[in-house]
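Numbering-wise (the numbering used here), the sequence shown opens with residue 1 and increments by one. Report on one structure; see the data block that follows.
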Amino acid sequence: MSERLIPDSSAPRPQVTKKKLKNPKGGQIARIPVTEIFPSLEDGLWPAKAVEGESFPVRATVFREGHDQYAAEAVLLRPGGAEAMRVRMVDIAPGLDRYEAWLRPDAVGDWTFHIETWADPYATWSHDASIKVAAGIDTDLMLEEGARLLERAIAGKAFGNPTQKPLNEANAKSVAEAIEALRDTSAPAQTRLSAGLHSRIRHIMRKYPLRDLAGRSRSYPLQVDRERALVGAWYEIFPRSIGASFDGEQWHSGTLRSAAKILDRVADLGFDVIYITPIHPIGTAFRKGKNNSLTALPSDPGSPYAIGSDQGGHGSIHPDLGTMEDFDYFVKRAKEVGLEVAMDFALQASPDHPWVREHPEWFSTRADGSIAYAENPPKKYQDIYPLNFDNDPQGIYQAVYEVAEKWIEHGVSIFRVDNPHTKPLAFWQRFLAQMHAEHPEVIFLAEAFTRPAMMRTLGGIGFHQSYTYFAWRTTKEELQSYFEELANETAHILRPTFWPTTHDILTPQMWTGGAAIYAIRAVLAATGSPSYGIYSGYECLENVPRPGYEENNDNEKYEYKNRDFEGAEALGIAPLLRQLNRIRRAHPALTRLRNIKFHTTSSPNLLAFSKHVGAEESPTGEADTVLVVVNLDPHNSTQGMVDVNVPALGLALPPAEGDRPVMRVRDELDGRTYEWGSRNFVDLWPEGKVAHIFSVEAL
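Now the structure itself:
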């Protein structure tokens with residue numbers, strides 16, 4: 001048998017040195033954690049995007065230990081730090097603890113938002129007391145706990161929250177009456193409980209909750225821009241083509257004065273922005289001829305993107321187009337008819353640009369001593385020298401910023417930035433930050449058809465809008481998936497502008513579909529995105545591709561185009577564009593991006609989606625719902641069924657049972673009215689009826 005050792009209690013105990021507790025590395029987790037906050041770019045490093053008057057969602061994962069109830073609110077703060085609004089978050093994914101609230105800033109500026117959380121003892125008591133009293137378990141104890149909890153609410157005594165305020169006199173009186181009833185042992189237990197759960201008490205405790213263990217997330221930035229950053233209809237022109245003439249032997253350039261004559265027509269079509277390609281002097285060295293030919297004829301005007309000659313650079317105007325006085329006249333006329341002027345901002349130089357002579361260090365030198373021209377092998381652009389932003393970055397930055405400021409001084413309010421993805425992101429971040437600080441009204445559109453990561457990051461560091469892959473999304477599945485991505489996943493970072501074609505892009509779908517495909521793509525662009533654009537050859541149905549390329553043959557980048565715009569009216573696309581822009585202006589639902597909902601159709605060639613905006617966000621003060629159905633086949637008629645998800649329309653409609661009509665839909669394209677239920681037949685065809693654009697209201 002072994003001997004047990006008994007410790008000697010009289011022996012001195014060893015001294016234990018207590019270590020000072022430190023907060024965990026990376027920060028102490030909140031008592032009620034808030035994680036996975038959206039919208040957040042790089043964990044709040046860059047601001048999320050919104051425009052004045054636009055609602056945006058705030059989401060977060062919120063949870064706690066055990067089973068006690070808790071709550072969360074999203075809080076929006078103005079640029080000066082004053083609270084603008086707070087909204088109780090709701091559980092949008094039961095079981096996953098994912099909460100959401102929608103906030104709406106009402107002015108331009110640098111806002112912030114955060115999320116506040118608290119334990120909700122009243123909600124916990126309501127849940128537990130309802131169960132226990134009904135079962136006869138701890139009845140008096142539960143009722144007394146409810147009374148004491150309400151006493152804390154009257155006094156403003158929340159655990160771990162010194163900022164809790166007492167209830168006002170009127171609410172305190174109502175709550176005191178409930179406390180008295182809870183303690184009235186002469187009444188049945190259920191009657192006493194009902195006093196504590198009365199709708200009046202529930203309302204008070206929801207509006208002025210007892211916030212135990214209150215906490216909050218850190219603040220996240222939100223850049224709120226003017227509405228044009230989200231909403232607009234663009235019309236693109238090459239100014240030299242407007243008014244150009246051919247005398248039988250050679251072309252004569254149009255001018256800024258002659259280009260101004262198109263502004264009334266563009267405004268009549270309902271566009272908001274007139275976008276002009278570069279108007280600067282064009283180099284003669286390695287000038288490109290027709291269709292990018294390496295050999296230019298003496299009469300070939302060259303690409304306006306080969307900027308710079310001995311007549312000036314980015315701050316100058318091509319002599320054929322006129323003078324700065326003529327440019328000011330163009331801007332003045334544009335504003336008179338309600339158009340903003342957007343200008344190409346192409347940071348590159350022709351070999352003849354003054355920068356090449358004055359600052360050769362701004363460019364890359366090859367082993368043979370020559371300056372490297374632009375290449376995207378096997379493509380070569382011998383008429384363009386790209387800037388090397390690693391050589392004298394401060395000098396280049398200063399020159400570029402001065403160019404932008406000059407055109408802003410002359411009335412340019414929007415820049416379409418050519419190929420921003422070929423320039424360093426650090427340059428753009430600095431440039432756009434300074435622009436935002438000094439000219440917050442000026443908008444920058446990124447012309448970047450490139451990899452998704454680059455496109456998103458350009459938006460994250462400050463570009464207000466972006467070109468998209470819309471031109472290449474053609475099937476029902478592709479369009480629905482892409483529209484949902486832009487609306488739900490990237491709206492806080494990348495604002496899309498849909499262009500069916502550009503002066504660089506003519507996708508194969510456009511080659512053979514005739515007027516029908518031009519109508520289809522115009523409808524999709526104008527209703528699918530708050531911002532869309534049309535290149536001026538569009539209504540003329542210019543659809544002949546350059547062999548081997550996805551671009552127009554006889555490309556306007558290398559020659560003049562004198563179009564028959566009056567004749568274009570008869571082709572049907574110009575009147576359709578006018579209709580589309582009228583519909584967009586009449587329906588606030590089409591001016592929002594995040595509100596798209598898709599509806600099931602029976603045909604792969606029928607795409608159906610709706611957009612809704614509530615009365616609080618509508619300029620008219622009335623809710624607005626639009627339902628769009630498009631035939632994606634430009635060659636054949638399509639018949640099929642549209643199964644409308646009635647609740648997704650956002651209207652107060654009765655339940656749709658069977659084929660019973662519950663709504664009146666008016667086609668804004670032809671004025672016809674129908675009564676629709678949840679399942680409806682449509683018949684669309686290429687010759688004249690490619691889509692329905694319905695305004696929706698309850699019967």
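Backbone N, C-alpha and C define an ideal beta-carbon position, used for all residues, glycine too. Here the structure is a predicted model, which means the values were calculated and not measured.
Residue nearest to Gly146 in terms of C-alpha spacing, selected from Leu458, Ile201, Ala233 and Phe113: Comparing Cα positions, the closest option is Ile201.
Rounded C-alpha distance that separates Arg582 from Val630: Taking the straight line from one Cα to the other gives about 18 Å.
Beta-carbon spacing of Ser466, Leu479 below 8 Å: Result no, Cβ atoms of Ser466 and Leu479 do not sit closer than 8 Å.
Rounded C-alpha distance that separates Ala334 from Ile274: Distance from the CA of Ala334 to the CA of Ile274, rounded to the nearest whole angstrom, comes to 8 Å.
Among Asp110, Asp68, Gln28 and His114, nearest to Met725 - alpha-carbon criterion: Outside the displayed span of the chain (1 to 699) sits residue 725, for which this structure offers no information.
Proximity test, Cβ basis, 8 Å: Asp667 and chain C: In the structure shown, chain C cannot be found, because there is only a single protein chain.
Assigned secondary structure, Pro545 (DSSP; H/G/I helix, E/B strand, else coil): DSSP, reduced to helix, strand and coil, places Pro545 within a strand of the structure shown.
Backbone CA spacing between Gln164 and Val224 [nearest angstrom]: When rounded, the distance between both Cα atoms is 31 Å.
Inter-stretch contact (C-beta, 8 Å, three-pair minimum) for the stretch 237 to 254 and the stretch 63 to 71: Proximity of the stretch 237 to 254 to the stretch 63 to 71 falls short of the contact definition, fewer than three beta-carbon pairs being nearer than 8 Å.
Exposed unless 16 or more other CB atoms sit within 10 angstroms - verdict on Leu580: The residue in question, Leu580, is buried, as its Cβ has 16 or more Cβ neighbours within 10 Å.
Residue(s) in a DSSP beta bridge with Leu445: Residue pairing from DSSP places Leu445 in a beta bridge opposite Arg416 and Gln465.
Limits of the unbroken alpha helix (DSSP H) element including Asn552: Unbroken run through Asn552: none, as it is neither H nor E.
Residue range of the beta strand (DSSP E) that includes Arg456: Unbroken run through Arg456 is the alpha helix (DSSP H), Pro452 to Gly460; no beta strand (DSSP E).
Backbone CA spacing between Glu617 and Pro377 [nearest angstrom]: Per the coordinates, the alpha-carbon of Glu617 lies some 49 Å from the alpha-carbon of Pro377.
Strand pairing of Tyr275, partner residues [DSSP]: Looking at the DSSP assignment, Tyr275 forms a beta bridge with Glu236 and Ala342.
Alpha-carbon to alpha-carbon, Asp212 and Ala158: Ala158 and Asp212 have their alpha carbons spaced roughly 5 Å apart.
Inter-residue Cα distance where the pair is Leu486 and Leu494: So the alpha carbons of these two residues sit roughly 8 Å apart.
Where Met89 falls: helix, strand or coil (DSSP): In the displayed model, Met89 falls within coil according to three-state DSSP, outside both helix and strand.
Option in Val644, Val544 and Asp667 with minimal Cα separation from Thr700: Absent from the structure is residue 700, since the part of the chain shown begins at 1 and ends at 699.
Supposed close pair Leu76, Leu103 - CB separation, criterion 8 Å: Their Cβ separation, rounded to whole angstroms, is 4 Å, which keeps Leu76 and Leu103 in contact under 8 Å.
Whole-Å CB distance - Thr620 paired with Pro588, under 8 Å assumed: With a beta-carbon spacing of about 7 Å, Thr620 and Pro588 fall inside the 8 Å limit used to define contacts.
C-alpha gap between Arg183 and Ile29, whole angstroms: Going by the C-alpha atoms only, they are around 39 Å apart.
Rounded C-alpha distance that separates Val231 from Phe363: Between Val231 and Phe363, the alpha-carbon positions lie close to 37 Å from each other.
Reduced DSSP secondary structure (H/G/I, E/B, other) of Asn376: Shown here, Asn376 sits in a strand according to DSSP, grouped into three states.
3 or more residues per run - each beta strand (DSSP E) lying fully within the stretch 280 to 351: Taking only runs of at least 3 residues, the beta strand (DSSP E) segments lying wholly in the stretch 280 to 351 are 340 to 345.
Exposure of Trp355, with buried meaning 16 or more beta-carbon neighbours within 10 Å: Around the beta carbon of Trp355, 16 or more other beta carbons lie within 10 angstroms, which makes this residue buried.
Buried or exposed by the 16-neighbour rule on C-beta atoms within 10 Å, applied to Val682: Buried, because 16 or more other Cβ atoms sit within 10 Å of the Cβ of Val682.
Beta-carbon contacts of Phe463 that lie in its chain and below 6 Å, excluding the five residues immediately before and after: Excluding sequence neighbours, Phe463 sits near Phe444 and Ala446.
Residue(s) in a DSSP beta bridge with Asp667: Its beta-bridge partners are Phe694.
With 16 other Cβ atoms within 10 Å as the buried cut-off, status of Met1: Its pLDDT being 43, under 50, Met1 is placed unreliably by the model, and nothing is read from it.
Every unbroken alpha helix (DSSP H) within the stretch 551 to 634, with a cutoff of 4 residues, ordered by chain: Residue ranges of uninterrupted alpha helix (DSSP H) with 4 or more members, entirely inside the stretch 551 to 634 and ordered along the chain, are 565 to 571 and 573 to 586.
Beta-carbon spacing of Gly315, Ser350 below 8 Å: Against a cut-off of 8 Å, the Cβ pair of Ser350 and Gly315 comes out as no contact.
Whole-angstrom distance between Ile237 and Ala74, CA atom to CA atom: Straight across, the Cα-Cα distance linking Ala74 with Ile237 is about 45 Å.
Assigned exposure category for Lys423 - 16 Cβ within 10 Å defines buried: Looking at its Cβ environment, which holds 16 or more other Cβ atoms inside 10 Å, Lys423 is buried.
Coarse secondary structure for Ile396, derived from DSSP in three states: Looking at Ile396 - three-state DSSP - the assignment turns out to be helix.
Residues near Asp310 by beta carbon distance below 7 Å, same chain, minus five either side: Shown here for Asp310: same chain residues with a beta carbon closer than 7 Å to its own, the five before and five after excluded, namely Asp352 in chain order.
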